[in-house]
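Take 293 as the starting number for the sequence shown in the working numbering and just add one per residue. Single-structure report; data block below.
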Amino acid sequence: MKFLVTGGAGFIGKWLIEKLPANAEVVVIDSLDAQVHRTSQDFSPELKARAKCIQVDVQDIERHREAVEGTDVVIHLASQTGTGQSMYEISRYVQHNANGTARLLELISSLEQKPQRIILSSSRAVYGDGAYTDGNRVYYPKGRRLEDLQKGIWEVCSENGEPLKPLPMEESHLPKPTSVYGLTKLWQEQLLQNYCENQGIDLVTLRFQNVYGPKQELGNPYTGIIGIFTNAIVQGNSLEVFEDGQMTRDFVFVEDVVDAVVRCATHQETLSAVINVGTGQAVTLLDVIHAIAELVDKSVNYTISGRFRVGDIRHAVADMSAYERLFGSWKPTPLKAGLAQYLEWYLGQKPLSPAVLQASLKEMERTGLLLTKQS
Ligand SMILES: NC(=O)c1ccc[n+]([C@@H]2O[C@H](COP(=O)([O-])OP(=O)(O)OC[C@H]3O[C@@H](n4cnc5c(N)ncnc54)[C@H](O)[C@@H]3O)[C@@H](O)[C@H]2O)c1
293 MKFLVTGGAG FIGKWLIEKL PANAEVVVID SLDAQVHRTS QDFSPELKAR
343 AKCIQVDVQD IERHREAVEG TDVVIHLASQ TGTGQSMYEI SRYVQHNANG
393 TARLLELISS LEQKPQRIIL SSSRAVYGDG AYTDGNRVYY PKGRRLEDLQ
443 KGIWEVCSEN GEPLKPLPME ESHLPKPTSV YGLTKLWQEQ LLQNYCENQG
493 IDLVTLRFQN VYGPKQELGN PYTGIIGIFT NAIVQGNSLE VFEDGQMTRD
543 FVFVEDVVDA VVRCATHQET LSAVINVGTG QAVTLLDVIH AIAELVDKSV
593 NYTISGRFRV GDIRHAVADM SAYERLFGSW KPTPLKAGLA QYLEWYLGQK
643 PLSPAVLQAS LKEMERTGLL LTKQS
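What follows is the structure, encoded as C-alpha cells:
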C-alpha cells in the first residue's frame, strides 16, 4: 500500500509514521512551518529513514504530482492549529486549512489513479460549544455571551439564565464552531465530503479531542495546554488559569489517536464515517494542573485570573459510541498514565521560555481577544 501523509512531520504525524504498516510505502509532505518547527528546519533522520519526505506547502502540492501518483490512502493532517491565533490571523488559517485542502483535492482529481480512501484529522472545534440539556430538551447554545463572560458567568445558560448541563459530543450534533480554526476544520470536512461522495472515495473524518503526549512541540505557545502547564509547574513559575479553572476538556493520549488513525487507514471494508476520537472522560483544567504537580512532586503556584479568551468553549468531551460500534471496545490510556509518559519525555527537553508564552498572550490582549472579568 502507498500512503500520503500531509503534515506528517508534526506532532501526530511523527507518531503516525512509525505505526503505519512496515511494508507500506509512505510519502510525507510538510511545509515545516516555522511556528511548529522552531528548532530544526529539516525532517528528522527517523522520518527520512521511513518515508519519502517533501518540504512543500500543501497549497503547492501540484508541483509534486509524480510523488503522489499511485497513493492508496491519503491522511490529511496539514493544518494551522492555534485556536486563539486563528481569531486574528484569519486569512492565514483560511489559506492553509481551507485553500490547502482545496488544492489537495485539485491534485487528486488530476491523478491517473485516485486513492481509495481519505482520512481527515478534524477537530472537536467543529462542535463549538456543543449540545446542552436542561433535563428535557437538547439545546445548541449560540455561544457564551460577551456580557455574561464579563460578569464572570462562565457556564452556558438557557435563555432565562439557568445553567445547562453539557452533553458528550456526538457526531450527529449540529456543528457550530466558535473559532476561525473550528470553521476551517468544518470547511475541510465539507470540501472532502462533497468531493469524496462525487468520486466514490471512502472518506473517514476523525474529530480529535485535545491530543497530548511526547514529541508535541514545546516551543509553540499557541497549542498544547499540557505543555504550557508542565513548563510553569516544573520551572516553579506562577501559572495563570483562565475563567475559574473549572472548564473541562477530554485529553486523549497521542498513541491512542494514532491507533485509531491506523485502524481506519488499514480497514478492509468501506467506512464512510465521521468518528470522534477522545477518551470520553471530561477533566477540569485544575484537575490536570494538580495531576501534573503530583507526578513531578512539586507544589503549584497558580492564580485564577478571571481572564477569558473570546471564542473559547466551556466544556468538551467525546461520545465514543460510534467508534465502539465500528471497532469494538475502546480502552484509552488513563490520564495519569499518559501524563507520566509525557513527563518522562518532557524532562529531557528544552522548556518553553515564559517570554514566548507571554508574547503570545500580549498578542491576544492587543487584538481584544483576551479580556478580564469586570469586578
Ligand atoms: N493536537 C491536537 O490536540 C489536535 C486536536 C484536534 C485536531 N487536530 C488536528 O490534527 C492534525 C495534526 O495536528 P498536530 O497536533 O500534529 O499539529 P502540528 O502543528 O504539530 O502538525 C501539523 C503539521 O502540518 C504542517 N503544516 C501546517 N500547515 C501546512 C501547509 N499549509 N502545508 C503543509 N504542511 C503544513 C506543519 O509544519 C506541521 O508539521 C491537524 O489537522 C489538527 O487540526 C489536532
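Where is the CB? At the ideal position from N, CA and C, for every residue including glycine.
Given 6 Å as the limit, tell me if residue i has its C-beta closer than that to any heavy atom belonging to ligand 1.
i, result
"PHE295", "no"
"ASN315", "no"
"GLY299", "yes"
"HIS388", "yes"
"ILE346", "no"
"GLN502", "At residue 502 the sequence reads Asn, which differs from the Gln that was named. Answer for ASN502: yes, Cβ within range of ligand 1."
"VAL328", "yes"
"GLY302", "yes"
"GLY392", "yes"
"LEU308", "no"
"SER254", "Outside the displayed range of the chain (293 to 667) lies residue 254, so it cannot be described from this structure."
"ASP352", "no"
"LEU475", "no"
"ASP349", "yes"
"SER323", "yes"
"SER332", "no"
"SER383", "no"
"SER413", "yes"
Using a threshold of 7 Å, state whether the C-beta atoms of residue i and residue j are closer than that.
i, j, result
"GLY302", "VAL320", "no"
"PHE295", "ALA326", "no"
"PRO467", "TYR424", "no"
"ALA552", "VAL569", "yes"
"ILE309", "ARG342", "yes"
"LEU324", "GLN347", "yes"
"VAL448", "MET379", "no"
"GLY505", "PHE545", "yes"
"VAL566", "GLU462", "no"
"ILE605", "ASP421", "yes"
"ILE501", "ARG416", "One point to set straight first is that residue 501 is Gln, not Ile, in the sequence displayed. Yes. Within cutoff."
"THR540", "HIS607", "yes"
"GLN666", "GLN442", "yes"
"VAL554", "LYS311", "yes"
"LEU403", "GLU361", "yes"
"LEU587", "LEU639", "no"
"SER414", "LYS477", "yes"
"ALA390", "THR298", "no"
Taking residue i as the reference, give the member of the options with the closest Cα.
i, options, result
"THR331", "ASP551, VAL592, ILE525, LEU510", "LEU510"
"VAL549", "THR497, TYR380, THR476", "THR497"
"LYS654", "PRO513, GLN387, ALA629", "PRO513"
"ALA647", "CYS556, LEU618, TYR634, SER530", "SER530"
"LEU392", "GLN372, PRO506, ILE411", "In the sequence as presented, Leu is not what sits at residue 392; that position holds Gly. The option with the nearest alpha carbon to GLY392 is GLN372."
"GLY374", "PHE545, CYS556, ARG384, HIS368", "ARG384"
"ILE400", "GLU358, ILE605, LYS434", "GLU358"
"ILE518", "LEU483, VAL580, GLN560, GLU463", "VAL580"
"ALA585", "LEU631, GLU561, ALA614, ASN452", "LEU631"
"HIS559", "LYS477, TYR615, GLU439", "TYR615"
"THR562", "PHE335, LEU618, GLY444", "LEU618"
"GLN482", "ILE520, VAL418, ASP349", "VAL418"
"GLU547", "ARG436, VAL503, CYS556, ILE520", "VAL503"
"PHE521", "GLY620, ARG429, LEU649", "LEU649"
"GLY620", "VAL328, TRP637, CYS556, ALA314", "CYS556"
"ILE493", "VAL366, LYS434, GLY435", "VAL366"
If you drop the 5 nearest sequence neighbours on each side, which residues of the same chain put their C-beta closer than 7 Å to that of residue i?
i, result
"GLU454", "ASP426"
"GLY537", "THR576, LEU577, LEU578, ILE596"
"ARG601", "GLY376, PHE534, MET656, LEU661, LEU662"
"LEU475", "PRO469"
"GLN491", "LYS406"
"THR664", "GLY598, ARG599"
"GLY444", "GLY598, LYS665"
"TYR432", "ALA423, LEU466, LYS468"
Which residues in the same chain have their Cβ closer than 8 Å to the Cβ of residue i, if we skip the five residues on either side of it in sequence?
i, result
"GLY528", "LYS590, ASN593"
"ASP364", "MET293, LYS294, PHE295, PRO407, GLN408, ARG409"
"MET643", "With the sequence shown as reference, residue 643 is identified as Pro, and Met is not the correct amino acid for it. Excluding residues within five positions, the ones whose Cβ falls inside 8 Å are LEU510, ASN523, VAL526, GLN527."
"GLY572", "PRO460, ASP542, VAL609, ALA610, ASP611, MET612, TRP622, PRO624"
"LEU484", "HIS368, THR393, LEU397, ILE410, LEU412, LEU495, THR497"
"GLN641", "LEU510"
Apart from the five residues on each side of it in sequence, which residues of its chain come closer than 6 Å, Cβ to Cβ, to residue i?
i, result
"VAL609", "PRO460, ASP542, ALA574"
"LYS306", "LYS507"
"HIS388", "GLN372"
Quiz item: In chain order, which alpha helix (DSSP H) runs of at least 4 residues are fully inside the stretch 314-366?
Solution: For the alpha helix (DSSP H) assignment, the uninterrupted runs of no fewer than 4 residues enclosed by the stretch 314-366 are, from N- to C-terminal side, 337-342, 357-360.
Quiz item: Could you give the uninterrupted runs of the beta strand (DSSP E) lying entirely in the stretch 491-553, keeping only those of 3 residues or more?
Solution: Within the stretch 491-553, the beta strand (DSSP E) runs of at least 3 residues that lie entirely inside it are, in chain order, 494-500, 502-504, 531-533, 543-545.
Quiz item: Whole alpha helix (DSSP H) runs in the stretch 576-616 with 4 or more residues, listed along the chain?
Solution: 577-588
Practice problem: At 4 residues or longer, and completely inside the stretch 403-481: list those alpha helix (DSSP H) runs for me, N to C. | Solution: Complete alpha helix (DSSP H) runs here, min 4: 438-442.
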